[in-house]
Amino acid sequence: MISFPNAKINIGLNVVSKRKDGYHNLETIFYPVKLADALEIIPSEKTGFSSSGIQIDGEAENNLVFKAYKLLQKDFDLPPVKLHLHKVIPFGAGLGGGSADAAFSLKMLNEYFGLGISLEKLERYAAHLGADCPFFIQNKPTFASGIGDKFEPIKLDLSAFEIMIVKPNCSVSTPEAYRNIVPAPPKFNLKEIERLPIEDWKDIVKNDFENSVFPHYPEIEILKNQLYEMGAIYASMSGSGSAVFGIFRHLPTNTDKYLPKGIFIYR
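For the sequence shown, the numbering used here begins at 41 and goes up steadily by one.
Spelled out as C-alpha cells, the structure:
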C-alpha cells in the first residue's frame, strides 16, 4: 500500500498570547497543498523503517512514521511490516511534512490492517505525535487555535489559483522563531478570510513570525518580495519558516529571472 502525505501552508499566523505552560496561543489557517512525500507499507517478517530522497537524520525508532506504528501497536496486535518513506517535503520549512507523514501512517495502518478506527479516534492518536498532526487526518482547510491543536473547518477554496513554494538553503527552528516574537491580539479575524477578496490579503493577512525571522534570515524576505515581483497576488512565509509561498492566477514561466539557483522550488 502506498500513499502520498502532502504538505500544508499557513495562511495568516497570529501569535496571540503566551501561556502559563510556556507555549503560545496561535491563530492560523492550515491549507493542504499538493507537494507530497511517498509512504509505502510492505509485508515483512520484521518491522522496520527505511527512507530515500531527502536525507533523514537520526535513528529510525525516532521517526514519526515508526512512532505511529508503535503507537497503534500498543492497542492492536499488529503484524510486522516494513515502512518506507521517500522524503520530498523539506525539513525546517514550516510545511508540516513530518506531521503529515505521521498522520498518513496512522490512516494507512488503519486501512491496511482493517482496524476500523474512526476519524475522530485517529485524530486523538495523531495528537500524541504532534500538535498539528490531527489536521492531516481529514486534510481539509482548517482554522487552528490554541497551540495549533484546536480545529474548526473553514470554507476556503483556492482551487482556481496556483501555488508556488520556495525555500532558501536555510532552515528555521521553531524555538528560534519564537525567541523574538511579541504576542499581540490579532488585528484581523482569520475566520473572516473566506469573505475577503484574495487581492486584499497582502495588507491584512499577516504571519507574525516574519517579524522575528526576517531580520536574522533576510534571504527569506527577499524570496517573498521576489514572488510578488513575479506576479503573486499574495505571498507569505509558511509557519515559522523557512519556506515561502506565492498564490498566482497563473504561474510565471520566467522563474530563473527572479529566483536564485539551488533553492527548493515547487510549482
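Here a beta-carbon is modelled for each residue, glycine too, at the ideal position from N, C-alpha and C.
Q) If Phe26 and Leu118 are in contact, beta carbons under 8 Å, what's the gap, nearest whole angstrom? A) With the chain covering only 41 through 307, there is no way to say anything about residue 26.
Q.
Please report the distance separating the alpha-carbon of Ala217 from that of Phe191.
A. So the two alpha carbons sit approximately 23 Å from each other.
Q) Mapping DSSP to helix, strand and coil, what is Glu99? A) coil
(Q) Looking at the secondary structure, which residues open and close the alpha helix (DSSP H) in which Thr295 lies? (A) 295-298
Q) Is Thr68 closer than 9 Å to Phe183 when the C-beta atoms are compared? A) yes
Q: Tell me where the alpha helix (DSSP H) around Val56 begins and ends.
A: Careful: Val56 lies outside any alpha helix (DSSP H), inside the beta strand (DSSP E) at 46-58.
Q) Quick one: what does DSSP say Ala36 is sitting in, helix, strand or coil? A) The structure shown has nothing for residue 36, since the chain only spans 41 to 307.
Q: List the endpoints of the continuous beta strand (DSSP E) containing Pro72.
A: Counted as a single uninterrupted DSSP element, the beta strand (DSSP E) harbouring Pro72 occupies residues 64-76.
Q | Cβ pair Leu75, Tyr306 closer than 9 Å | A | yes
**Q.** Range covered by the beta strand (DSSP E) that runs through Ser252
**A.** From DSSP, Ser252 is part of no beta strand (DSSP E) but of the alpha helix (DSSP H) over 249-253.
Q. Alpha carbon to alpha carbon, what distance is there between Gly52 and Ile262?
A. 19 Å
**Q.** Reference Ile203; option with closest CA among Leu299, Lys297, Phe288
**A.** Minimum Cα distance to Ile203 is reached at Phe288.
Q: Rank Leu159, Arg164, Gly156 by C-alpha distance to the C-alpha of Pro111 and give the top, closest one.
A: Looking at the sequence shown, residue 111 is not Pro but Leu. Selected option, being the one with the closest Cα: Arg164.
Q | Where Leu196 sits in the DSSP three-state scheme | A | coil
Q. Among residues of its own chain, excluding the 5 on either side of Asp243, which ones have a beta-carbon nearer than 8 Å to its beta-carbon?
A. Excluding residues within five positions, none has a Cβ falling inside 8 Å.
Q: Starting from Lys207, follow the beta strand (DSSP E) in both directions and report where the run begins and ends.
A: Where Lys207 is concerned, the enclosing beta strand (DSSP E) stretches over 202-207.
Q) At a cut of 8 Å, does the region 85-104 reach the region 46-65 through at least three beta carbon pairs? A) no
Q. Since Met277 sits in a beta bridge, which residues does DSSP pair it with?
A. Per DSSP, the beta-bridge partners of Met277 are Val284.
Q) Taking the DSSP output, what are the residues bridged to Pro292? A) DSSP output for Pro292 lists no bridge partner at all.
Q: Can you check DSSP and say which residues form a bridge with Glu80?
A: Ile42, His124
(Q) Starting from Gly138, trace the alpha helix (DSSP H) in both directions and tell me its first and last residue. (A) 137-152
(Q) Suppose contacts are defined by Cβ-Cβ distances below 9 Å. Is Ala108 in contact with Leu169 by that definition? (A) Less than 9 Å separates the beta-carbon of Ala108 from that of Leu169.
Q: In the DSSP assignment, find the unbroken beta strand (DSSP E) run with Ile94 in it and report its ends.
A: Premise fails: Ile94 is in no beta strand (DSSP E) and is neither H nor E.
**Q.** DSSP three-state assignment for Tyr218, whether helix, strand or coil
**A.** helix
Q: Taking only beta-carbon positions, decide if Ile273 is within less than 9 Å of chain C.
A: Checking the listed chains, one finds no chain C in this structure; it contains a single protein chain.
Q) Excluding sequence positions up to five away, which residues of its chain have a Cβ less than 7 Å from the Cβ of Met148? A) Excluding five sequence positions before and after Met148, the CB atoms of its chain that fall closer than 7 Å to its own CB belong to Met41, Ser43, Leu79, Ile81, given in chain order.
Q. Do you know how far the Cα of Phe201 is from the Cα of Lys48?
A. 16 Å
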